[in-house]
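K.L.:
The sequence shown finishes on residue 178 if you use this note's numbering, and the numbering steps up by one all the way, no holes. Where a beta carbon is used, it is the ideal one built from N, C-alpha and C, also for glycine.
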Amino acid sequence: MIQNILISKNGILLTSQNFGNCHSIDLKKDFLSNFFTVIQKFSIAIIGTSINYINFEKLLIYLYEDPNDESLLFILITDFDDNPIEINFKMHKIANLFFNNYRQNIKQFKGDIAPFQTFGKTLIKMNLALRNCGGHPTCKNCSKNMNQNTLLSDIGKTDIKIGTEFFKLIDKNDRMVN
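Here is the structure:
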């Protein structure tokens with residue numbers, strides 16, 4: 001299931017939507033949007049190709065740079081066991097839908113993100129994403145999900161796979177080994 005979608009233009013978060021039962025990224029959405037934009041640009045500059053996904057063992061983060069406008073980055077955070085072909089299809093569909101619906105807003109973008117805020121509802125109507133459980137914003141206190149961890153705490157505890165390369169976090173100082 002798609003848990004979160006973030007869409008940024010040159011690192012500026014245009015819209016984000018939480019669809020997961022218990023996987024809200026809270027107030028760090030702008031930070032994550034910038035972070036993944038920098039990671040993507042770094043990958044292109046260093047190895048000449050973009051990152052398709054990052055595997056955090058318990059979840060996957062898919063990155064897609066829109067060919068219609070390379071300043072747009074689509075970030076989909078999904079369950080680790082989702083079908084990658086289905087996610088890839090949805091990601092392309094979401095990108096095309098977003099670009100077609102907001103083409104003028106994107107071209108004339110000067111910092112106003114208000115026009116993009118209803119995009120999550122469009123995705124639900126088109127069955128490209130499922131509605132959030134309706135619990136608390138971070139779902140920490142959601143009785144349906146008392147034993148679940150938030151997205152960012154899951155990321156900090158797991159092995160990380162980027163593309164085909166494998167790295168393991170060995171401590172909180174972000175030292176990595178192959």
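Would DSSP call K110 helix, strand or coil?
P.N.:
Translated into the one-based positions of the sequence shown, residue 110 becomes position 110. Three-state DSSP puts K110 in coil, outside helix and strand.
K.L.:
Mind checking T223: buried by the 16 CB within 10 Å criterion, or exposed?
P.N.:
As displayed, the chain neither begins before 1 nor continues past 178, which places residue 223 out of reach and without an answer.
K.L.:
Please report the straight-line C-alpha distance between M1 and K29, rounded to a whole angstrom.
P.N.:
Translated into the one-based positions of the sequence shown, residue 1 becomes position 1. Translated into the one-based positions of the sequence shown, residue 29 becomes position 29. Looking at the two C-alpha atoms, the distance is approximately 19 Å.
K.L.:
So who's on the other strand from Q17, going by DSSP bridges?
P.N.:
If you number the sequence shown from 1, residue 17 lands on position 17. Q17 pairs with I5.
K.L.:
By a C-beta neighbour count over all protein chains shown, 10 Å radius and 16 as the cutoff for buried, is I46 buried or exposed?
P.N.:
If you number the sequence shown from 1, residue 46 lands on position 46. It is exposed - the Cβ of I46 has fewer than 16 other Cβ atoms within 10 Å.
K.L.:
Looking only at its own chain, which residues have a Cβ that is under 6 Å from the Cβ of N105, when we skip the five neighbours before and after it?
P.N.:
Along the sequence shown, read from residue 1 onward, the residue named residue 105 stands at position 105. The residues are P115.
K.L.:
Smallest Cα separation from Q40: which of D66, T15 and K58?
P.N.:
Residue mapping note: residue 40 aligns to position 40 of the sequence shown, counting from 1. Cα-wise, what sits closest to Q40 is D66.
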